[in-house]
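S.K.: Before anything else, here's the structure in question.
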Amino acid sequence: MFDDEQVAVELVSGHLTVTQPREIAMYAQVFTELADAAVYGAAARSRIMAAISVISE
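In terms of the working numbering, the sequence shown opens at residue 46 and continues consecutively.
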């Protein structure tokens with residue numbers, strides 16, 4: 046997302062530029078939900094290290 050006027054979407058076979066306000070609002074909502082669910086800092090490092098240890102077994 047660049048701002049409230051444009052969203053760039055990279056696809057395997059191409060690129061989309063979204064400019065419709067209704068569609069931009071959908072991307073903004075999903076971005077907010079994913080950011081809220083994300084883990085940052087020490088908690089993120091802990092999860093990554095746990096995943097690496099499972100793969101290494």
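Glycine included, every Cβ here is placed at the ideal spot set by N, Cα and C.
Which class does THR62 belong to by DSSP, given the choice of helix, strand or coil?
M.R.: strand
S.K.: For VAL52, count neighbouring C-beta atoms within 10 Å of its own C-beta (all shown protein chains included) and say buried if the count is 16 or more, exposed if not.
M.R.: Buried is the call here.
S.K.: Against chain B, with Cβ distances strictly below 8 Å, would ALA83 count as a contact?
M.R.: Within the model displayed, chain B is absent; a lone protein chain is all it includes.
S.K.: Going along the chain, which residues of its own chain have a beta-carbon closer than 6 Å to the beta-carbon of ALA83, five neighbours each way excluded?
M.R.: none
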